[in-house]
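So the structure is just underneath, and the comments pick up after that.
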């Protein structure tokens with residue numbers, strides 16, 4: 001914070017355009033940016049408003065608000081007014097033609113996918129957003145339909161290139177004639193930054209959802225799991241679940257999370273039947289979809305389970321079921337679901353999280369009236385749905401979730417979220433109904449599931465994201481993973497996995513700003529497409545889970561995705577399509593390979609997938625096969641396809657002079673520089689290649705090195721957990737922390753002298769050209785669930801990277817290791833610890849919780865704007881912390897006392913580094929301004945003496961020294 005009584009204008013001074021001139025402008029029927037027309041023939045009733053004129057305040061965190069307001073000139077709102085009031089308003093926003101676009105539209109009520117074209121008339125109905133290429137400005141423009149008041153909007157195709165906006169309330173009783181901010185427009189020269197900036201602006205404007213960067217994700221995103229859906233469908237029972245988990249454990253891929261899908265909560269019945277009796281002979285996707293929930297407890301199969309019989313012959317199902325209590329939640333006896341969950345955890349120690357499935361409104365058909373304590377009413381749509389009154393939404397979710405939490409369930413997969421769209425007529429419209437339900441779900445999530453343990457599904461509509469993701473941080477980004485469509489795959493072409501990948505990759509561009517993208521489960525045993533699915537999951541950046549039937553697994557395939565302890569080599573980002581795929585159709589243009597990029601700790605990765613052979617047919621309004629496109633496709637891949645700057649920790653890797661490239665499927669090793677020609681590839685139908693790009697480190701004039709990782713895993717680079725380079729005399733040492741088991745591969749321009757694994761020398765193979773391979777590596781770093789996670793970076797690790805400021809070498813003698821609790825240790829005295837920390841006595845940690853600009857921008861700002869006198873160095877501690885080391889005490893104090901500095905709209909908070917620094921903990925030492933009233937004549941020595949009573953005096957206030965503020969004397973300690 002700024003010191004008391006000092007102005008804060010220095011913090012907010014950069015909230016202004018970076019240069020003069022007009023930006024967005026609507027005049028003469030044209031919406032333009034810097035004179036370039038984006039939309040023409042804009043109707044007279046359409047208005048454009050600047051961002052600050054609409055959004056002048058927000059409940060968003062101040063750093064985020066500040067970041068958005070500093071870029072206000074890059075976006076604005078579109079609105080329109082009509083003469084007549086209506087519950088459904090349609091209006092043209094203007095037209096564009098001959099301009100490439102990428103869009104996302106809903107092809108089902110609950111699923112969305114990509115579409116490309118060149119005109120407003122090429123758009124599909126229910127478009128969620130459209131991204132326009134603006135080569136004249138080397139930029140991209142995003143048009144986003146929004147919610148405003150009680151209306152929700154989407155884009156539709158118009159005639160002659162026009163873009164129509166349709167805003168609807170969902171109730172004939174809710175009408176309007178004008179909307180001022182029903183669409184948002186934003187521009188950027190980077191398409192990935194564009195999505196970040198636009199959704200950040202909308203988060204500040206709407207304040208009804210939170211960004212992914214603001215939320216914690218469920219722990220399961222780093223793990224392998226099993227979902228019972230395709231294994232059992234409606235026949236799931238305790239015996240099957242037990243056998244399923246046990247098979248994975250025996251196969252040496254223990255699941256760390258379990259999702260018990262539909263039918264564990266089968267307590268549903270049909271209209272006209274006994275409301276207190278389970279329906280019989282349900283048909284998946286048929287009669288199952290119309291049933292209504294009549295009680296909130298497990299089905300009879302789980303209720304009959306007796307505790308302590310996990311490995312019994314009949315698994316505890318011999319006892320009679322407990323009496324039915326339709327208006328009550330559960331018995332407290334040790335049986336049923338609570339006993340089953342406890343026995344699962346007892347017998348499978350690594351099973352961290354157990355989720356269960358639920359429908360958003362209770363069941364696919366809702367809740368049956370009068371069957372519970374809740375006020376439920378049947379809403380007559382095409383297939384009637386029993387809707388609990390929105391006033392009782394909090395009670396509804398609390399009733400179910402409190403029971404689940406009590407019996408040991410960690411979280412829920414919430415499905416069929418789209419239902420509310422059909423039943424909002426009598427409840428104030430879709431926006432108001434959704435607000436009530438999401439409020440109930442959010443409060444219950446916080447109360448019962450740690451605020452994070454939820455997977456959302458069938459929710460791919462913009463109002464679900466704008467209204468329902470305050471707490472939800474994980475959700476499906478694709479259609480179902482099905483491998484064959486019996487209605488559309490007439491020629492035996494298994495094209496649906498490719499369609500699924502397209503959904504996931506392109507949806508992640510917008511959904512990934514708000515939730516962690518979940519690419520869904522797949523079946524490891526399907527011969528034709530399991531490997532294709534697995535390749536995409538390896539680098540998707542989210543959880544990996546399968547829905548294998550019991551006894552039907554490909555453990556060798558799963559082991560290419562999963563470590564022996566059930567965790568995964570997860571990428572740092574979520575996978576996104578590369579720039580050269582944004583305006584292309586990788587499904588049926590017969591020429592485009594889907595390329596998705598991601599980042600690892602020590603390299604980048606590109607996945608190239610041949611998804612050709614299917615896609616959306618606008619005339620038939622369905623996804624169908626294009627079998628003529630199911631053929632080998634050729635393309636190009638290059639280092640520049642990786643968006644290195646999307647994570648601050650990886651930005652420096654994008655500036656390397658040379659890279660080693662490993663092709664996982666071809667098992668080839670290449671060298672590439674930023675100036676090299678792209679690598680030419682040909683990918684067969686429904687197959688892929690994964691390219692790992694690793695910056696090469698020049699260790700000496702003749703020695704260059706780059707670790708690639710374990711080549712038996714699809715994401716080889718993700719197996720490298722740590723990398724250190726050091727010198728000892730004439731020797732160069734490389735220390736690599738590897739997780740997993742298998743073959744380790746590295747590039748070394750010269751043959752290493754020795755190779756060690758866990759301290760023991762091991763053999764290796766090296767061939768001319770730099771191919772170095774250790775044939776057998778078993779380095780289960782962090783080995784299993786019983787071992788602690790890696791500690792955060794220490795000051796010693798950062799200290800070793802400082803080079804431009806000379807520091808004295810610590811004068812500590814070489815020590816012999818001792819032993820503590822059976823582990824080797826080195827003991828240091830307090831004095832020795834102080835010696836080691838001495839080089840960092842003028843070091844500050846800079847924390848930025850909501851993203852950072854580039855390292856070059858930070859360095860430039862610190863030198864020019866903050867006026868640092870002498871040299872300083874800067875290093876990355878983690879994704880939210882940088883370490884600054886100053887050569888001047890004056891520079892050190894100047895920055896520390898400021899505490900907060902704004903750099904390109906990002907707020908950095910500075911605090912003094914101490915040896916006890918840990919990421920996520922508040923600093924133990926902070927500067928404080930102390931005031932002494934009625935002492936205008938205190939000289940420097942007197943004020944320093946008085947201040948020293950409270951602590952070490954850092955600085956005297958300038959106003960005190962000049963007596964320009966005689967009412968008080970101030971000192972910083």
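Numbering (UniProt numbering), first residue to last: 1 to 973.
Each residue gets a CB set at the ideal place from its N, CA and C atoms; glycine is no exception.
Cβ neighbours of residue i in the same chain (closer than 7 angstroms, five flanking residues each side left out)
| i | result |
| --- | --- |
| residue 952 | 973 |
| residue 191 | 131, 140, 579, 582 |
| residue 513 | 195, 196, 199, 211, 212 |
| residue 204 | 55, 58, 60, 64, 65, 68 |
| residue 893 | 954, 955 |
| residue 241 | 228, 260 |
| residue 493 | Interpretation of residue 493 is limited by its pLDDT of 46, a score under 50 that renders its predicted location unreliable; the figure taken from the coordinates is listed afterwards. Hits under 7 angstroms: 613, 625, 627, 630. |
| residue 509 | 195, 576 |
| residue 968 | 931, 932, 933 |
| residue 359 | 415, 416 |
| residue 438 | 467, 468 |
Residue i: first and last residue of the uninterrupted alpha helix (DSSP H) it sits in
| i | result |
| --- | --- |
| residue 446 | 430-448 |
| residue 947 | 940-947 |
| residue 197 | 191-206 |
| residue 885 | From DSSP, residue 885 is part of no alpha helix (DSSP H) but of the beta strand (DSSP E) over 881-886. |
| residue 397 | 393-406 |
| residue 341 | 336-347 |
| residue 223 | Neither: residue 223 is in no alpha helix (DSSP H) and is coded neither H nor E. |
| residue 64 | 62-69 |
| residue 232 | 229-232 |
| residue 844 | Careful: residue 844 lies outside any alpha helix (DSSP H), inside the beta strand (DSSP E) at 843-847. |
| residue 238 | 238-250 |
| residue 47 | Here residue 47 belongs to no alpha helix (DSSP H); instead the beta strand (DSSP E) covers 46-50. |
| residue 302 | 300-303 |
Span of the beta strand (DSSP E), counted from its first residue to its last, around residue i
| i | result |
| --- | --- |
| residue 876 | 872-878 |
| residue 468 | First-last for residue 468: 462-468, but that is the alpha helix (DSSP H), not the beta strand (DSSP E). |
| residue 896 | No beta strand (DSSP E) holds residue 896; the alpha helix (DSSP H) holding it covers 889-898. |
| residue 143 | 139-145 |
| residue 85 | 75-86 |
| residue 981 | Any property of residue 981 remains undetermined from this structure, which presents the chain solely from 1 to 973. |
| residue 740 | 731-748 |
| residue 459 | Here residue 459 belongs to no beta strand (DSSP E), and DSSP marks it neither H nor E. |
| residue 693 | 688-695 |
| residue 30 | 30-33 |
| residue 100 | 97-106 |
| residue 683 | 679-683 |
| residue 126 | Note, residue 126: premise wrong, no beta strand (DSSP E); not H, not E. |
| residue 160 | Taken as a continuous stretch (DSSP letters only), residue 160 belongs to no beta strand (DSSP E), as it is neither H nor E. |
With 16 other Cβ atoms within 10 Å as the buried cut-off, status of residue i
| i | result |
| --- | --- |
| residue 67 | buried |
| residue 706 | buried |
| residue 901 | buried |
| residue 622 | exposed |
Cβ-Cβ separation, residue j to residue i (assumed contact under 8 angstroms), whole Å
| i | j | result |
| --- | --- | --- |
| residue 194 | residue 188 | 4 angstroms |
| residue 545 | residue 669 | About 32 angstroms separates the two Cβ atoms, so there is no contact after all. |
| residue 112 | residue 460 | 4 angstroms |
| residue 75 | residue 51 | 5 angstroms |
| residue 710 | residue 703 | Not a contact, Cβ separation roughly 23 angstroms. |
Residues of its chain near residue i, where Cβ-Cβ distance is below 8 angstroms and the 5 sequence neighbours each way are ignored
| i | result |
| --- | --- |
| residue 812 | 828, 832, 835, 836 |
Any non-hydrogen atom of the ligand SAH closer than 7 angstroms to residue i Cβ
| i | result |
| --- | --- |
| residue 209 | Although the ligand SAH was asked about, the structure shown includes no ligands whatsoever. |
6 angstroms Cβ shell around residue i - same chain, five flanking residues per side excluded
| i | result |
| --- | --- |
| residue 735 | 724 |
| residue 974 | The question about residue 974 has no answer here: the residues shown for the chain are numbered 1 through 973. |
| residue 540 | 519, 575 |
| residue 558 | 253, 524 |
Could you give the uninterrupted runs of the beta strand (DSSP E) lying entirely in the stretch 550-637, keeping only those of 3 residues or more? With a minimum length of 3 residues, the continuous beta strand (DSSP E) runs that stay inside the stretch 550-637 are 594-600, 603-609, 614-617, 622-625, 633-637.
In chain order, what are the residue ranges of uninterrupted alpha helix (DSSP H) at least 4 long that sit wholly in the stretch 492-534? 496-511
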